[in-house]
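S.K.: Here it is, the structure, as structure tokens.
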């Protein structure tokens, strides 16, 4: 079964790359490994017969957002994240923050496990649902987005707009009119 | 699912396209130098072979025998990865581009094949996604070289490509709306025929502004003059590839030329009717082309014409200033493309209702 083999190959790639993202000392490598992980995820979407989602994943995350990440890492030119002394006294380095993070991670695992037990249609691929909730075709996806999920869609766009305006306001230098 | 049925055909096609792209990049190097020479009233390369046609081979041999240098503080892995990433994305992007109708290639094959490697139903987006990954090659080359000129080149590339991608994608969206499909093959086939028996049914007639935006953004995406800021030689030595030599260096210009071919091929597919119609107006040759299925030759001719325009532009228009580039991209090109999109959407809605 080549499909099964491809599935396991890309799943392994996604998991290993994601694990290495947090294991890296060099932020540049972390960014690149995250991109590799996105690529593997996108391959899994293709296997789920959802090419649009796969390509959108690459365009939005790997093609746009991660370029900005890379841009920032390059601008700061931070070769190692634990290089500076002040880094260790940073408020985010407090052990309680780490414990809180671990708690959130555990919650996420529990939630995922719970969600998986709730899903009844594990056998059918996403692209071929009986209730017409197909994400395979762009047409169908657009229709669902603008009918069933109109509110969520519009609310998200307003949220993004607000974030954008906020970013522009924050980035503007004091006293400059440009 | 045709892909699984005839792997041999696909394999041959991949081999042919791969080599065609390599040869195309070699021809482009020569064409660029010859056309540049012509425009500057001199001969261009003339010594190697008759009229200098073997110059690309000489160039490649020279680069092969150069020493591969790596700066001391360079990041070992990323320095090697960057050119590889550049060339791989350049090749992969062409995989989703169809370049001809169903043909038997003058009766060479038993049954007709569709010319094009992967007939994906979201081909427009695939090409766009893979091209947008190409920026990593340049950015990483700039960062990994551990040189300030390279770093500036890489930073410029990242900012420039992100900015112009927006206008690029928005102008694509208008065409997609007109065609009602994300498949490049369907977009091309919706351009068959003529209006009033005179104008070829190309989208350039419906999307003149979109076409101009696509061309400008495409030039910026491929980092060509007048938008060649990542390597602006008067300011940054050679930009992102300053520290590269030998084969590693050769891969950068090669991927740039292959990206140019892909850009031209997509422009031909989206705006210039692909393999339908030889000229923007009807010619008596058009029915013959359709009848004998010579569309792929027409396609190659159009791509070659577009590439000539590309080179022509490079040697005619002076380079922008960097802040002008950003101003132009965000304050003019992007609003214009959004306007184009909205007007197109309104018209499509109005005409369909």
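Protein chains in written order, with this note's numbering: chain A, 1 to 178; chain B, 179 to 531.
Every residue gets a Cβ at the ideal spot worked out from N, C-alpha and C, and that includes glycine.
Small disclaimer: the values here were computed from a predicted structure and weren't measured.
Does the Cβ of residue 434/B have 16 or more other Cβ atoms within 10 Å, making it buried, or fewer, making it exposed?
M.R.: Under this definition residue 434/B is a buried residue.
S.K.: Mind pulling the chain B residues with CB within less than 9 Å of residue 52/A?
M.R.: In chain order: 299, 300, 303 and 360.
S.K.: Residue 156/A: beta carbon under 7 Å from a heavy atom of the ligand PLP?
M.R.: As for the ligand PLP, it is missing from this structure, which has no ligand bound.
S.K.: Name, please, each residue of chain B whose Cβ falls closer than 9 Å to the Cβ of residue 16/A.
M.R.: Those do not exist, as residue 16/A stays about 16 Å from chain B at its closest Cβ, beyond 9 Å.
S.K.: Against chain B, does residue 9/A count as a neighbour if the rule is that its beta carbon must be under 8 Å from one of theirs?
M.R.: Taking Cβ atoms only, chain B never reaches closer than 8 Å to residue 9/A, which makes this a no.
S.K.: Below 8 Å, how does it come out for the stretch 479-495 of chain B and the stretch 444-456 of chain B: are there three or more Cβ pairs, yes or no?
M.R.: These segments touch.
S.K.: With a CB to CB cut of under 7 Å and the five nearest residues on each side skipped, what residues in its chain are close to residue 322/B?
M.R.: These residues qualify, in order along the chain: 252, 253, 256, 257 and 260.
S.K.: Would DSSP call residue 278/B helix, strand or coil?
M.R.: If DSSP states are grouped into helix, strand and coil, residue 278/B belongs with the strands.
S.K.: Using a beta-carbon distance cut-off of less than 9 Å, what residues from the stretch 313-325 of chain B approach chain A?
M.R.: Answer set for the stretch 313-325 of chain B: 313, 314, 317, 318, 320, 321 and 322.
S.K.: Just to make sure I have the definition right: I need the residues of chain B whose C-beta is within less than 7 Å of the C-beta of residue 63/A. Which are they?
M.R.: Result: 307, 310 and 311.
S.K.: Less than 8 Å between the beta carbons of residue 275/B and residue 226/B, yes or no?
M.R.: No, these two residues do not count as a Cβ contact at 8 Å.
S.K.: Run the CB neighbour count on residue 494/B, radius 10 Å, all protein chains shown included, and call it buried at 16 or more, exposed below.
M.R.: Exposed.
S.K.: Quick one: does residue 97/A have its CB under 8 Å from some CB of chain B?
M.R.: Judged by the 8 Å Cβ criterion, residue 97/A is not in contact with chain B.
S.K.: Taking all protein chains shown into account, do 16 or more other C-beta atoms lie within 10 angstroms of the C-beta of residue 401/B, making it buried, or fewer, making it exposed?
M.R.: Result: buried.
S.K.: Could you tell me the alpha carbon to alpha carbon distance between residue 364/B and residue 428/B, rounded to whole angstroms?
M.R.: Going from the Cα of residue 364/B to the Cα of residue 428/B covers about 36 Å.
S.K.: Just the Cα atoms here: how many angstroms apart are residue 229/B and residue 242/B?
M.R.: The straight-line gap from Cα to Cα measures roughly 23 Å.
S.K.: Helix, strand or coil for residue 258/B, going by three-state DSSP, please let me know.
M.R.: Looking at residue 258/B - three-state DSSP - the assignment turns out to be helix.
S.K.: Among the candidates 377/B, 507/B and 464/B, whose CA atom is the shortest distance from the CA of residue 397/B?
M.R.: Nearest C-alpha to residue 397/B: 507/B.
S.K.: Name the one or two DSSP bridge partners that residue 373/B has.
M.R.: Beta-bridge pairing links residue 373/B to 377/B.
S.K.: Are any of the Cβ atoms in chain A nearer than 8 Å to that of residue 204/B?
M.R.: With 8 Å as the cut-off, residue 204/B does not count as an interface residue toward chain A.
S.K.: List the whole-angstrom C-beta distance separating residue 35/A from residue 66/A, where the pair is believed to meet the contact cut-off of C-beta under 8 Å.
M.R.: Indeed, because the Cβ distance is near 5 Å, the residues count as touching under 8 Å.
S.K.: Restricting to Cα atoms, I'd like to know which of 1/A, 32/A and 37/A is closest to residue 18/A.
M.R.: Residue 37/A is the option with its Cα nearest to residue 18/A.
S.K.: Do you know offhand how far residue 518/B's Cα is from residue 352/B's?
M.R.: Those two C-alpha atoms are separated by around 7 Å.
S.K.: Do you know offhand how far residue 147/A's Cα is from residue 360/B's?
M.R.: Their backbone Cα atoms lie some 21 Å apart in a straight line.
S.K.: Just checking: is the beta-carbon of residue 1/A within a distance shorter than 8 Å of some beta-carbon in chain B?
M.R.: Judged by the 8 Å Cβ criterion, residue 1/A is not in contact with chain B.
S.K.: List the DSSP bridge partners of residue 459/B.
M.R.: Residue 459/B pairs with 377/B.
S.K.: Using a C-beta to C-beta distance shorter than 9 Å, which residues of chain A count as neighbours of residue 294/B?
M.R.: Here the premise fails: no neighbours, minimum Cβ distance about 16 Å.
S.K.: Compute the Euclidean distance between the alpha carbons of residue 153/A and residue 145/A, then round it to the nearest angstrom.
M.R.: Going by the C-alpha atoms only, they are around 7 Å apart.
S.K.: What residue range does the beta strand (DSSP E) around residue 292/B cover?
M.R.: Per DSSP, residue 292/B belongs to the beta strand (DSSP E) from 291-293.
S.K.: Do you know offhand how far residue 30/A's Cα is from residue 61/A's?
M.R.: Each residue's Cα considered, the two are about 14 Å apart.
S.K.: At the level of alpha carbons, what is the spacing between residue 193/B and residue 436/B?
M.R.: Each residue's Cα considered, the two are about 15 Å apart.
S.K.: Are residue 395/B and residue 511/B closer than 8 Å when you measure CB to CB?
M.R.: Yes, Cβ-Cβ distance for residue 395/B and residue 511/B is below 8 Å.
S.K.: Could you compute how far the alpha carbon of residue 387/B sits from the alpha carbon of residue 515/B?
M.R.: About 8 Å.
S.K.: Check whether the stretch 338-347 of chain B touches the stretch 292-299 of chain B, taking contact to mean three or more Cβ pairs, one atom from each stretch, closer than 8 Å.
M.R.: With the cut-off at 8 Å, the stretch 338-347 of chain B and the stretch 292-299 of chain B do not touch.
S.K.: For residue 70/A, return the contacting residues in chain B, with the cut-off set at a CB-CB distance below 7 Å.
M.R.: 317 and 336, listed in chain order.
S.K.: Which ranges does the alpha helix (DSSP H) cover as unbroken runs of at least 4 residues, wholly within the stretch 210-269 of chain B, from first to last along the chain?
M.R.: Counting whole runs of 4 or more residues, the stretch 210-269 of chain B contains the alpha helix (DSSP H) stretches 233-242.
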